[in-house]
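Novice: 32 is the number of the first residue of the sequence shown in my numbering; add one for each residue after it.
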Amino acid sequence: MRRILLGVGGGIAAYKACELTRLLVKAGDAVQVVMTEAATRFVAPLTFQALSGREVALDLWRPQATGGMDHIDLARAADAFVVAPATADLLARAAQGRGDDLLANLLLARGALPTLLAPAMNRAMWANAAVQRNVALLRGDGVRIAGPGSGEQACGEVGDGRLLEPEQLLAELDALLAPQVLRGRRVLLTAGPTWEPWDEVRYLGNRSSGKMGWALARAAWERGAEVVMVAGPSALEPPHGARVVAVQTARQMRDAVLAELQRAAVDLFVAAAAVADWRPAQVVAGKLKKRAGEAAPALALELNPDILAEVAARADAPYCVGFAAEADDLHAQAQAKRLRKGVPLLVGNIGAQAFGSDDNVCVLVDADGVRALPRAPKLQLARQIIDEAATRLPERRP
Ligand code: C5P
């Protein structure tokens, strides 16, 4: 269980901190909320109290802790400090090391506590030189700045300054606490299914939801990597922090992967996509019509390129991780596939159990043998897989 100190500043985006509290509690975290006086004008402390199950700390002069040391004790008792929303005023006070309310005092007393500030304000305020100066100072002091996002603002303007969404803040917190084993590394992934058109409206596809590839992209980004994900069609929101290149067919996926390898050196390539092995040999223009009395049309297939095998065979191949969705005899099949594809590490799973589900069971297969990863949520498995791969990466290229 992580103990999260959540500071809430006085901005309209404070309502998103309620949802963040709920997400954290759902994830099993213990959340202690601290609000500025201004924040209480936007959201009642009782809302946070109900969501976190704890009394909200508000007042420097009426501490809850025995001994009256809230302004120090709350920081001592936490594993991470998140301030969302961090207003321009709060950023200024934190940058200057002021202690004019409980939240500012806690920021002063944070010591080595991992700290994340999520700014939220009007776009002109965010662009203000003083705010940018304060953000740079805080970064220099070792604070992680999350966002801000871009888009429509409460004031009716459009631009930078929106608080990140609660799910994104949760990802930022996970990244704050993750070992930065991939800092300075570039990770390229394929993810999701491919759709192979037959005519204008029909395609050959598969049941891949993209969940595992998305989780791997998130895990790699949490660990400090620059992440590019070449993704087939999926209903999932793009993973926070990763650059997504959207494709439909296997050939488009291959071209996008080769273009990324061309653009800059890649340290780790993870082929998590469920690439269609075959595509219709002819794509019919328009829509194939069913006519009474006519036989069903024949569908001839041809082989798609094997993206993973092609990348693994390059002279400048990154460290490659493949996936194998098998029907049975997982260990032997996965080991055979690893050798066939020429990759150092392969993740095997049972396809029918893996596709679409939120959790999975895997085996990791390398030249030394097999390691089982017991059933767990895909994000947890993805973190284990990425950590395994990270320990095997060769030294950085010059
Ligand atoms: O041969 P099979 O499809 O079982 O291999 C699975 C692995 O190869 C996965 O890592 C998948 O992403 C990759 N693959 C690929 N291009 C293909 C087929 C599979 O990159 N055409």
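Backbone N, C-alpha and C define an ideal beta-carbon position, used for all residues, glycine too.
Where Leu169 and Pro76 are concerned, what is the direct C-alpha to C-alpha distance, given to the nearest angstrom?
Specialist: Rounded to whole angstroms, Leu169 to Pro76 spans 27 angstroms at the Cα level.
Novice: By Cβ distance below 6 angstroms, which residues in the same chain neighbour Val189 in space, the five residues on each side in sequence not counted?
Specialist: Once the five neighbours on either side are set aside, the close Cβ partners of Val189 are Glu183.
Novice: Residues in the same chain with beta-carbon distance under 6 angstroms from Gly272, minus the five sequence neighbours each way, listed in chain order, please.
Specialist: Closer than 6 angstroms at Cβ, skipping near neighbours: Trp252.
Novice: Between which residues of its own chain and Ile103 is the CB-CB distance below 6 angstroms, once the five residues before and five after are set aside?
Specialist: Correct list, in chain order: Ala140.
Novice: Could you check the C-alpha separation between Ala20 and Gly178 for me, to the nearest Å?
Specialist: Residue 20 is absent from the structure shown; the chain starts at 32 and stops at 429.
Novice: Would you list, in sequence order, the uninterrupted beta strand (DSSP E) runs of no fewer than 3 residues that lie entirely inside the region 315-341?
Specialist: Listed in chain order, the complete beta strand (DSSP E) runs (minimum 3 residues) inside the region 315-341 are 332-334.
Novice: Just the Cα atoms here: how many angstroms apart are Gln279 and Glu426?
Specialist: About 34 angstroms.
Novice: Would you kindly report the start and end of the unbroken beta strand (DSSP E) that includes Val218?
Specialist: Counting along the chain, the beta strand (DSSP E) containing Val218 begins and ends at Arg217 to Ala222.
Novice: Can you give the beta carbon distance from Trp133 to Leu91, rounded, assuming they're within the 8 angstroms contact cut?
Specialist: According to the sequence provided, residue 133 is Leu. The question's Trp does not apply to it. The Cβ separation is near 4 angstroms, so the contact holds.
Novice: Can you give me the start and stop residues for the beta strand (DSSP E) that Trp309 sits inside?
Specialist: Looking at the DSSP string, the run of the beta strand (DSSP E) that includes Trp309 is Trp309 to Pro311.
Novice: Is the beta carbon of Ile338 within less than 7 angstroms of some heavy atom of the ligand C5P?
Specialist: Yes, since a heavy atom of the ligand C5P falls inside the 7 angstroms radius drawn around the Cβ of Ile338.
Novice: How about Phe354: is its Cβ closer than 7 angstroms to a heavy atom in the ligand C5P?
Specialist: Yes, the beta carbon of Phe354 sits closer than 7 angstroms to at least one heavy atom of the ligand C5P.
Novice: Smallest Cα separation from Phe73: which of Lys47, Arg93 and Ala398?
Specialist: Cα-wise, what sits closest to Phe73 is Lys47.
Novice: Should Leu208 be labelled buried (16 or more other beta-carbon atoms within 10 Å of its own) or exposed?
Specialist: Classification of Leu208: exposed, given that the 10 Å Cβ count is below 16.
Novice: Which complete beta strand (DSSP E) runs does the region 131-203 hold, if anything under 3 residues is left out?
Specialist: Counting whole runs of 3 or more residues, the region 131-203 contains the beta strand (DSSP E) stretches 146-150, 180-183 and 189-193.
Novice: Quick check: is any heavy atom of the ligand C5P less than 7 angstroms from the C-beta of Ala344?
Specialist: No.
Novice: Kindly confirm or deny that the region 240-251 and the region 259-269 touch, where touching means at least three C-beta pairs closer than 8 angstroms.
Specialist: They touch, by the three-pair rule.
Novice: In whole angstroms, what is the alpha-carbon distance linking Val238 and Asp110?
Specialist: First, the amino acid is wrong: residue 238 is Arg here, not Val. C-alpha separation (whole angstroms): 39 angstroms.
Novice: Based on DSSP bridge pairs, tell me the residues matched to Gly38.
Specialist: Partner(s): Val65 and Val114.
Novice: In terms of alpha-carbon separation, which member of Val396, Gln95, Arg249 and Ala331 lies closest to Ala367?
Specialist: When each option's Cα is compared against that of Ala367, the closest is Val396.
Novice: Quick one: grab the DSSP three-state call for Ala296.
Specialist: Here Ala296 sits in coil by DSSP.
Novice: Looking at Lys372 and the ligand C5P, is the gap between the Cβ and the nearest heavy atom below 7 angstroms?
Specialist: Yes - the ligand C5P has a heavy atom lying nearer than 7 angstroms to the Cβ of Lys372.
Novice: Which one of Glu231, Arg53 and Ala149 has the shortest CA to CA distance from Ser83?
Specialist: Ranking Glu231, Arg53 and Ala149 by Cα distance to Ser83 puts Arg53 first.
Novice: Can you grab the Cα-Cα spacing for the pair Gly353 / Tyr234, in whole Å?
Specialist: Cα to Cα, Gly353 sits roughly 25 angstroms from Tyr234.
Novice: DSSP on Phe79, reduced to helix/strand/coil?
Specialist: Helix at Phe79.
Novice: Can you give the Cα-Cα distance for Asp286 and Val315, rounded to whole angstroms?
Specialist: Approximately 23 angstroms between the Cα atoms of the pair.
Novice: Mind pulling the alpha helix (DSSP H) runs of 4 or more residues that sit fully within the region 228-283?
Specialist: Qualifying alpha helix (DSSP H) stretches, in chain order: 242-253.
Novice: What does the alpha-carbon distance come out to for the pair Leu330 and Ser265?
Specialist: Spanning the two alpha carbons is a distance of roughly 25 angstroms.
Novice: Run through DSSP, which three-state label would Val382 get?
Specialist: Reading off the sequence shown, one finds Gly at residue 382, where the question assumed Val. Gly382: helix per DSSP, three-state reduction.
Novice: Using DSSP with H/G/I as helix, E/B as strand and the rest coil, what is Leu91?
Specialist: Three-state DSSP puts Leu91 in coil, outside helix and strand.
Novice: Say the cut is 7 angstroms; is the CB of Val394 nearer than that to a heavy atom of the ligand C5P?
Specialist: Checking the Cβ of Val394 against the ligand C5P gives no.
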